[in-house]
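First up is the structure itself, then whatever we jot down about it.
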């Protein structure tokens, strides 16, 4: 784990904790991140949002590309959506199709100000969802992906944070 | 607070968030809710509503017509310029808040929010309009 990742991940950790505490009334525990080298989601449902923008340092601007992905089993996704909406969902229905995406969107939104303070200015991007067993995630080329297992009272899920180590 | 019969227009491209805001509104006593998935559809809903819309709760970041664009359109139209408008958004950067205030937003709710957060903002908007 390098300094860039430690610095870059801090706003997301803070925002993820806040989002789950506020929207799902749960406390999350994040385990040690591991470098991810394949594209397998290892999940049934992945909500993802691009982290695209510019990073400024030493008076220079450079393009920055990254990705935030939340990877859930179907069972955990249903529990998460049920908690968010205060209803009991036992199967995937249109009402909750974008619940994971909305969580990803809120996490990114909550990270933006802290990232801006670090010199990373993000563009607006829209979240999306991939569903299906054995699906893959297209991580941006030339980036590093760190996978963190997140535990809460709903169960475990993965948070993938993909970033570029921009050199100046 | 607002009369329970107040017609509320909830605008968000995410069905989950429309449902969360709608559920919160119902818990706060509102019963007449209309939904739109972006600013363009919300504008149509405003014009075609069988009874006047009395409150708009809109997301900021949406395709086609954003929440801030909808707000500007509403404030520029003599038919709707007095409708209370709340922006609910994940965007909390200072320049965006300033832009929203300049455009005439009544309150600004930052996601993630609780039912109490939204209730507090609604009460604040109600007090503002009750005075005027």
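Chains as they are written, first to last, in the working numbering: chain A, 96 to 263; chain B, 880 to 1011. From the three backbone atoms N, C-alpha and C, an ideal C-beta is built for every residue, glycine too.
Would you check if the distance between the CB atom of residue i and the CB atom of residue j is smaller than 8 Å?
| i | j | result |
| --- | --- | --- |
| residue 123 (chain A) | residue 247 (chain A) | yes |
| residue 175 (chain A) | residue 144 (chain A) | no |
| residue 897 (chain B) | residue 923 (chain B) | no |
| residue 936 (chain B) | residue 887 (chain B) | yes |
| residue 234 (chain A) | residue 137 (chain A) | no |
| residue 81 (chain A) | residue 255 (chain A) | Outside the shown range of chain A, which is 96 to 263, sits residue 81 (chain A), and nothing can be said about it. |
| residue 191 (chain A) | residue 180 (chain A) | yes |
| residue 117 (chain A) | residue 993 (chain B) | yes |
Under 8 Å between C-beta atoms, does residue i make it to chain A?
| i | result |
| --- | --- |
| residue 943 (chain B) | no |
| residue 990 (chain B) | yes |
| residue 898 (chain B) | yes |
| residue 894 (chain B) | yes |
Just list the residues that DSSP pairs residue i with in beta bridges.
| i | result |
| --- | --- |
| residue 245 (chain A) | A:125, A:252 |
| residue 147 (chain A) | A:160 |
| residue 889 (chain B) | B:914, B:936 |
| residue 140 (chain A) | A:167, A:226 |
| residue 132 (chain A) | Bridge partners of residue 132 (chain A): none, in fact. |
| residue 988 (chain B) | B:967 |
| residue 258 (chain A) | A:239 |
Shorter than 8 Å from the beta carbon of residue i to some beta carbon of chain B?
| i | result |
| --- | --- |
| residue 135 (chain A) | no |
| residue 196 (chain A) | yes |
| residue 113 (chain A) | yes |
| residue 189 (chain A) | yes |
| residue 161 (chain A) | no |
| residue 213 (chain A) | no |
| residue 193 (chain A) | yes |
| residue 99 (chain A) | no |
| residue 174 (chain A) | no |
| residue 207 (chain A) | yes |
Taking C-beta pairs closer than 9 Å, name the residues in chain E that residue i reaches, listed in chain order.
| i | result |
| --- | --- |
| residue 902 (chain B) | Absence of chain E from the displayed structure is noted, the protein chains being A and B. |
What runs of the beta strand (DSSP E), each 3 residues or longer, lie entirely inside the region 928-974 of chain B? 934-938, 964-968
My parser needs the beta strand (DSSP E) runs of 3 or more residues fully inside the region 152-231 of chain A; what are they? 155-167, 215-217, 223-226
Below 8 Å, can you find three or more Cβ-Cβ pairs linking the region 96-111 of chain A to the region 979-989 of chain B? no
Report yes or no: do the region 210-222 of chain A and the region 145-154 of chain A share at least 3 C-beta pairs separated by less than 8 Å? yes
Give a yes or no on contact between the region 961-980 of chain B and the region 988-1007 of chain B, applying the rule of three or more CB pairs nearer than 8 Å. yes
Contact between the region 994-1005 of chain B and the region 902-911 of chain B: three or more CB pairs below 8 Å? yes
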